[in-house]
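Note sheet for the following structure.
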Amino acid sequence: MGKIRVFRCKICRDPYIGEEPPSRCPFCGALGCYFIPAEEWNPSEYIFEMSDISKANLNAALELELSNTAFYLCAMNAAKTNGDEYGYAKFKALKKVENEHANAILKFLKINQPQLKPVPCSKNFEKNTQEGWDREDRAIKAYAKFAKEAPEIQLRQFFESLVEIETDHLELHAENLKK
Ligand SMILES: [Fe+2]
Ligand SMILES: [Fe+2]
């Protein structure tokens, strides 16, 4: 066994205890390459003057993340009602990750989490999986654009990482839609 250490995710900024960084952040889903030893953490990297375009794009991203969090919460409850343990686990994990993305955005915007507005969903796993795919696809396209537009290296990295994470989700949905 290796030595137990503390790492931190550069995307959601949360700490993680383990021998090695995980392949995906258990909180925000970022790839393991975004983890650094906690001793090397430099908080000044997160203090910077933010451009108007990035502020606007972060606000748009926040809307997407809150809506997706509320959608996956609905899908999670629908699966629970159906006694579908796999669907429950999948949508719960997605809800947690999207909520973490909203939180990470709030840290950049330095505002508190607004109330989650309920979003409707289907009672059916396949339909919710299809809508999840559509939502992830929209998010990926928006974040790829936001990454290109960001003058700040921190936000370019942040949006690029979100593209990778939402692509994981897209692939998961696609896998579930294969008959
Ligand atoms: Fe993370
Ligand atoms: Fe997300």
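With numbering that gives the first Met the number 0 applied, the sequence shown covers 0 to 178. Glycine included, each C-beta is placed from N, C-alpha and C at the ideal position.
Assigned secondary structure, residue i (DSSP; H/G/I helix, E/B strand, else coil)
i             : result
leucine 57    : helix
glycine 17    : strand
glycine 1     : coil
cysteine 120  : coil
asparagine 67 : helix
serine 50     : coil
Residue i: CB within 7 angstroms of a non-hydrogen atom of ligand 2
i              : result
isoleucine 164 : yes
valine 118     : no
valine 96      : yes
asparagine 102 : no
leucine 58     : The sequence shown places asparagine at residue 58, rather than the leucine named in the question. Because no heavy atom of ligand 2 lies under 7 angstroms away, the Cβ of asparagine 58 does not count as near it: no.
Near ligand 1: residue i beta-carbon under 7 angstroms from a heavy atom
i             : result
alanine 29    : yes
cysteine 32   : no
aspartate 13  : yes
isoleucine 35 : no
cysteine 73   : no
Bridge partners - residue i, DSSP secondary structure assignment
i           : result
cysteine 8  : Phe34
arginine 23 : Leu30
Under 8 angstroms between C-beta atoms of residue i and residue j
i             : j                : result
threonine 103 : isoleucine 10    : Checking the displayed sequence, the identity of residue 103 turns out to be alanine instead of threonine. Yes.
glutamate 151 : phenylalanine 47 : yes
alanine 77    : asparagine 127   : yes
cysteine 24   : cysteine 8       : yes
glutamate 125 : leucine 176      : yes
Open item on the list: Using 8 angstroms as the cut-off, can you tell me whether the segment 90 to 103 makes contact with the segment 11 to 29, which would need three or more C-beta pairs spanning the two stretches below that distance?
Closed with: yes
Open item on the list: So, does the segment 61 to 75 touch the segment 112 to 127, judging by three or more C-beta pairs under 8 angstroms?
Closed with: Judged by Cβ distances under 8 angstroms, the segment 61 to 75 makes contact with the segment 112 to 127, as three or more pairs qualify.
Task: Three-pair Cβ contact test at 8 angstroms for the segment 74 to 92 versus the segment 133 to 144 - done: No: fewer than three Cβ pairs fall under 8 angstroms.
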